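Working notes, beginning with the structure itself.
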Amino acid sequence: MSKIWLITGANSGLGLALAKYVLAKGCKVVVTARDTAKLPSSLSAAKAVALDLNWPDERIKAAGVEAWKAYGHIDVVANNAGYSLTGPVEILRADDIQAQFKSNVFGQLSLIQALIPLMRERGSGIFYNFSSIAGFAGNSPFGAYNASKAALEAFTEALTKEIVPFGLRAYIVEPGFFPTNFLTMAKSTENEAFKTLYPQFEGITEKYHAIHVKDGQVGDVDKLSARLFEVSEKPLAEGWTRIPLGPDCGQRLLAKLDVIRENVEGTYPPPFAHLINDPKRGVHPDFGVGSRIRSAASRIQPGPSRIRPPPSRFHVIFSSNSETLSRGNYIVSRSLMCYLCGPSCGIRLERR
Ligand SMILES: NC(=O)c1ccc[n+]([C@@H]2O[C@H](COP(=O)([O-])OP(=O)(O)OC[C@H]3O[C@@H](n4cnc5c(N)ncnc54)[C@H](OP(=O)(O)O)[C@@H]3O)[C@@H](O)[C@H]2O)c1
Numbered sequence: 068m069s070k071i072w073l074i075t076g077a078n079s080g081l082g083l084a085l086a087k088y089v090l091a092k093g094c095k096v097v098v099t100a101r102d103t104a105k106l107p108s109s110l111s112a113a114k115a116v117a118l119d120l121n122w123p124d125e126r127i128k129a130a131g132v133e134a135w136k137a138y139g140h141i142d143v144v145a146n147n148a149g150y151s152l153t154g155p156v157e158i159l160r161a162d163d164i165q166a167q168f169k170s171n172v173f174g175q176l177s178l179i180q181a182l183i184p185l186m187r188e189r190g191s192g193i194f195y196n197f198s199s200i201a202g203f204a205g206n207s208p209f210g211a212y213n214a215s216k217a218a219l220e221a222f223t224e225a226l227t228k229e230i231v232p233f234g235l236r237a238y239i240v241e242p243g244f245f246p247t248n249f250l251t252m253a254k255s256t257e258n259e260a261f262k263t264l265y266p267q268f269e270g271i272t273e274k275y276h277a278i279h280v281k282d283g284q285v286g287d288v289d290k291l292s293a294r295l296f297e298v299s300e301k302p303l304a305e306g307w308t309r310i311p312l313g314p315d316c317g318q319r320l321l322a323k324l325d326v327i328r329e330n331v332e333g334t335y336p337p338p339f340a341h342l343i344n345d346p347k348r349g350v351h352p353d354f355g356v357g358s359r360i361r362s363a364a365s366r367i368q369p370g371p372s373r374i375r376p377p378p379s380r381f382h383v384i385f386s387s388n389s390e391t392l393s394r395g396n397y398i399v400s401r402s403l404m405c406y407l408c409g410p411s412c413g414i415r416l417e418r419r
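For the sequence shown, my numbering assigns the number 68 to the initial residue and increments by one for each residue that follows.
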């Protein structure tokens, strides 16, 4: 049976595209806008409810209940409404930051809190919480926006675990760049300090748009809508919380993960500590491949300040069959068998 959707901020951009798409699929749709007169005639088949995320908590909750009553229940909530505040962290005004969080985080939470009990009673329901690739791998000077989306992501990660037992799901919707009104509507803390201290960010939203267009990294709103419709019909595996969308999104997610991995491997020596502590776990997958061992070893500088002393009586040796890869006060020999990893592994342990 066709689902009933609630889509916030449906008068523009992604919300509008999604509302049109699901209407065309035969779904019933409740759309919200701050000013319902702004909703286009293409959404005349939907029911409209006024909602401004700047409203106080109770008023947003009342709008959520009104939306629920429009068709008797809601199956899918697209928490889409939101905007971006632009400006280097140093010069952002406190009230602008608070307004950013009120719209992008606190207002969303009020709506979610209003709807969870109603959905729980029915034993089904989906929340699509619109974050952004910026919530995971943000750029400058979008610190306030990045932080608001990161906060929504963190709430959603906890939320989905909490509500799965009730038959509900929450997803982090993670769009990359899509050509909507998003950048033109971005608010900015422009002042003299912005121009003099951070001239590189002047006209950043136009530059940002141009770079994405030049790189061919422009999302298609219909594909985004189709994907969200698809997931609403066929849920992702439990534990899969993110829905990456747009050609740049997956790339940026993976690039950030690579940097985090390098960061951990490079600053959390010894990467082999868990092997020493827990020999039964065997070879950690990160260090099972020669090239990775080589690169991990090359990043570990010899010396007691960079390396925790092994907790038991072992010397730790980074070596291959033909060479010692890393030298230092913890390298003793390359001729000893590693009792954990076998001869092909470059990490060898010698019992003292
Ligand atoms: N486009 C992108 O590249 C992109 C990328 C990543 C994430 N996103 C996210 O996707 C969502 C939709 O953005 P979009 O691209 O469709 O931008 P958009 O075309 O500017 O649409 C934003 C919608 O949100 C509404 N809105 C903004 N602040 C609101 C508030 N305080 N209360 C109620 N409604 C509010 C706007 O209403 P008004 O018309 O009344 O202002 C509008 O309907 C946002 O959450 C955005 O952060 C967009």
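Glycine residues also receive a C-beta, built at the ideal position from the N, C-alpha and C atoms. Model, not experiment: these values are computed from the prediction.
Margin query: Closer than 8 angstroms is the cut-off here; do at least three beta carbon pairs connect the segment 213 to 220 with the segment 282 to 290?
Written below: no
Next item on the list: With DSSP collapsed to three states, give me the class of ASN171.
Entry: Counting from 1 along the sequence shown, the entry for residue 171 is found at position 104. If DSSP states are grouped into helix, strand and coil, ASN171 belongs with the helices.
Notebook entry, point to check: Is DSSP giving THR153 helix, strand or coil here?
Noted result: For the purposes of this step, residue 153 is taken as residue 86 along the sequence shown, with counting starting at 1. If DSSP states are grouped into helix, strand and coil, THR153 belongs with the strands.
Notebook entry, point to check: Can you list, in chain order, the stretches of the alpha helix (DSSP H) that have 4 or more residues and sit fully within the segment 161 to 213?
Noted result: 161 to 168 and 174 to 189
Note to self: I need the DSSP call for LEU226, collapsed to helix, strand or coil.
What the structure shows: The sequence position of residue 226 within the sequence shown is 159, counting from 1. Helix, per DSSP.
Checklist line | Own chain, CB closer than 8 angstroms to LEU264, minus 5 neighbours either side, in chain order | finding: Here the question's residue 264 lines up with position 197 in the sequence shown. Excluding sequence neighbours, LEU264 sits near PRO155, GLU157 and ILE158.
Check: In whole angstroms, what is the alpha-carbon distance linking PHE209 and SER198?
Finding: Numbered from its first residue, the sequence shown carries residue 209 at position 142. Numbered from its first residue, the sequence shown carries residue 198 at position 131. When rounded, the distance between both Cα atoms is 14 angstroms.
Next item on the list: Buried or exposed for ILE278, please, with buried defined as at least 16 other CB atoms from any protein chain shown within 10 angstroms of its CB.
Entry: Numbered from 1 along the sequence shown, position 211 holds the residue referred to as residue 278. So ILE278 ends up on the exposed side.
Item checked: Among ALA225, LYS114 and ILE327, the one whose alpha carbon lies nearest that of ALA134 -> Residue mapping note: residue 134 aligns to position 67 of the sequence shown, counting from 1. The shortest Cα separation from ALA134 among ALA225, LYS114 and ILE327 belongs to LYS114.
Notebook entry, point to check: With which residues is ARG294 paired in a DSSP beta bridge?
Noted result: Sequence index remark: in the sequence shown, residue 294 carries index 227 (1-based). Note: ARG294 sits in no beta bridge, so no partner.
Next item on the list: Could I get the ranges of all uninterrupted beta strand (DSSP E) runs contained in the segment 219 to 277, with 3 residues as the minimum, in chain order?
Entry: 235 to 242
Note to self: Can you look up ILE327 in the DSSP assignment and give me helix, strand or coil?
What the structure shows: By 1-based counting over the sequence shown, the position of residue 327 is 260. Of the three classes helix, strand and coil, the one that applies to ILE327 here is helix, per DSSP.
Margin query: Please state whether the Cβ-Cβ distance between ALA130 and LEU85 is less than 8 angstroms.
Written below: Against the sequence shown, residue 130 aligns to sequence position 63. Against the sequence shown, residue 85 aligns to sequence position 18. No.
Notebook entry, point to check: Do PHE222 and LEU81 have their C-beta atoms closer together than 8 angstroms?
Noted result: As a first step, residue 222 is located in the sequence shown; it is residue number 155 there, counting from the start. As a first step, residue 81 is located in the sequence shown; it is residue number 14 there, counting from the start. No, Cβ-Cβ distance for PHE222 and LEU81 is not below 8 angstroms.
Next item on the list: Give every residue of the same chain whose Cβ lies closer than 6 angstroms to the Cβ of CYS94, excluding the five residues on either side of it in the sequence, and list them in chain order.
Entry: Here residue 94 refers to the residue found at position 27 when the sequence shown is read from its first residue. SER69, LYS70 and TRP72.
Checklist line | Opening and closing residue of the beta strand (DSSP E) in which VAL116 lies | finding: Along the sequence shown, read from residue 1 onward, the residue named residue 116 stands at position 49. That run of the beta strand (DSSP E) goes 114 to 117.
Checklist line | Own chain residues within Cβ distance below 6 angstroms of PHE168, not counting five before or after | finding: Translated into the one-based positions of the sequence shown, residue 168 becomes position 101. The answer, listed in chain order, is SER215.
Notebook entry, point to check: Are the segment 286 to 303 and the segment 168 to 187 touching, with three or more C-beta to C-beta distances below 8 angstroms?
Noted result: no
Next item on the list: Can you have a look at ASP102 and say buried or exposed, based on whether 16 or more other CB atoms are within 10 angstroms of its CB?
Entry: Counting from one through the sequence shown, the residue named residue 102 turns up at place 35. Classification for ASP102: exposed.
Next item on the list: May I ask you to report which of helix, strand or coil DSSP gives ARG309?
Entry: As a first step, residue 309 must be located in the sequence shown, where it is residue number 242. If DSSP states are grouped into helix, strand and coil, ARG309 belongs with the strands.
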